[in-house]
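Trainee:
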Amino acid sequence: MAIKSVSSTQAQNNFGQVIDDVTQNHTRYIVERRGSPKAVILSFDDFAKVLNNAKERQEMGSIIRELQPEYGVGQVVNLKTRAK
């Protein structure tokens, strides 16, 4: 699973492609406006896992806190390799 950061304009202009990536590859998107993270896009299945799994919720919170100051728009993070 990867996390990609995109601007709100990029997400809007490529929404179909973003949705395909989210549903087919389980990519999660951080949507930024004026360089600040404002929203996350993830598949419904991944969202259900986050809601139903305390460990997943804790992991996502840790990832968000860790990545927020480090990564900007257009960067991709592979969580499997990053966690090692």
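Mapping of the sequence shown onto this note's numbering: position 26 corresponds to residue 31, and the numbering continues sequentially without gaps.
Glycine is no exception: its CB is placed at the ideal position from the N, C-alpha and C atoms.
Here the structure is a predicted model, which is why all the values come from computation and not from measurement.
For SER10, count neighbouring C-beta atoms within 10 Å of its own C-beta (all shown protein chains included) and say buried if the count is 16 or more, exposed if not.
Mentor: Taking the sequence shown and counting its residues from 1, the one referred to as residue 10 is at position 5. Buried, by the Cβ-count rule.
Trainee: If you compare alpha carbons, which of VAL23, ASN30, THR28 and GLN29 is closest to VAL36?
Mentor: Counting from one through the sequence shown, the residue named residue 36 turns up at place 31. Among VAL23, ASN30, THR28 and GLN29, the Cα nearest to that of VAL36 belongs to VAL23.
Trainee: Here's the rule I'm using: 16 or more other beta-carbon atoms within 10 Å means buried, otherwise exposed. How should GLU50 be labelled?
Mentor: Residue numbering aside, residue 50 sits at position 45 when the sequence shown is read from its first letter. According to the sequence as given, residue 50 is Asp; it is not Glu. ASP50 should be labelled exposed.
Trainee: I need the DSSP call for SER48, collapsed to helix, strand or coil.
Mentor: As a working mapping, residue 48 is identified with position 43 in the sequence shown. Coil, per DSSP.
Trainee: Output the distance between the C-alpha atoms of SER13 and VAL45, rounded to the nearest integer angstrom.
Mentor: Taking the first residue of the sequence shown as position 1, residue 13 is located at position 8. Taking the first residue of the sequence shown as position 1, residue 45 is located at position 40. Their backbone Cα atoms lie some 11 Å apart in a straight line.
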